[in-house]
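Below is one structure; the comments refer to it alone.
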Amino acid sequence: MDKLKSSIKDLYNNNPLIFMIAVFLILWVLGVIIMRKATLAAKLAAAKEKHPDVMTLSYLGQSSFPRGIRNNNPGNLVKTSIGWQGKKSPNTDGRFEQFTAFVWGVRAQIKDVRGDIVNDGKNTIRKLITEYAPAFENNTSGYINQVTNGMNMNADTPLTGSKEEMRKLLKIINRVECGNPQPYIGRSEWFDDTMFDVAWDLAY
């Protein structure tokens with residue numbers, strides 16, 4: 001601690017401008033983090049009030065359901081150190097992420113897939129699915145074909161990451177990942193539009 005105080009003092013004495021810039025940047029970053037947390041808290045409170053059923057829906061422990069669904073992780077996101085909102089701890093799966101409610105798994109998938117498209121250059125179905133479902137554990141070409149057929153797009157047509165494109169894309173991906181939801185929940189999609197809208201709002 002004494003060394004840190006001495007280093008800070010030396011920086012201030014020798015480079016006051018750099019010191020002030022560093023302080024400003026630290027305060028700015030802290031401000032952004034606080035604002036983001038406050039914004040999420042406000043959105044969460046509004047979602048709980050307006051869509052309580054969406055916010056509490058969970059399939060954890062329902063062993064007869066597909067793995068991704070009983071993990072509340074319909075996109076089968078692999079377990080990582082990412083601190084996803086709603087991430088379940090401890091994780092009892094070991095390989096795939098688990099979430100405390102289904103909406104958090106949808107939110108995480110939105111952020112993960114859209115991040116691949118918008119930020120990481122995986123902006124076609126071919127590039128995206130090759131990353132999302134690598135050939136060492138998937139029939140990647142078959143997966144690409146299912147997504148292109150569902151989206152009615154060429155595998156190399158650029159994706160934009162828009163909300164409506166993501167809504168359709170994730171519904172198709174989740175059906176490939178988890179199978180036909182009809183026998184389990186009586187619908188043709190694993191999540192409905194309200195679930196997606198709430199998850200999107202919590203993501204952005």
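Numbering (our numbering), first residue to last: 1 to 204. Ideal Cβ placement from N, Cα and C applies to all residues, glycine included. Computed from a prediction, not measured in an experiment: that's the story for all the values here.
The bridge partners DSSP lists for Phe99 are Lys87. Contact between Met151 and Leu169 holds: CB atoms are separated by about 6 angstroms, below the 8 angstroms threshold. Take the alpha-carbon of Asn76 and the one of Ala41: they are about 26 angstroms apart. Take Trp84, set aside five residues on each side of it, and the residues of its chain with a beta-carbon closer than 6 angstroms to its own are Ala108, in chain order.
By a beta-carbon distance limit of 8 angstroms, Asp201 contacts Lys43. Their separation comes to about 6 angstroms. Look at Pro74 here: in three-state DSSP terms it is coil, with no helix or strand label.
Take the alpha-carbon of Leu128 and the one of Tyr143: they are about 11 angstroms apart. Runs of alpha helix (DSSP H) with 4 or more residues, each lying fully within the segment 116-162, are found at 125-132, 140-151, listed in chain order. Contact between Leu57 and Val103 holds, with the beta-carbon distance rounding to 7 angstroms and staying under 8 angstroms. Taking 8 angstroms as the cut-off, the Cβ atoms of Ser81 and Arg70 do not count as close.
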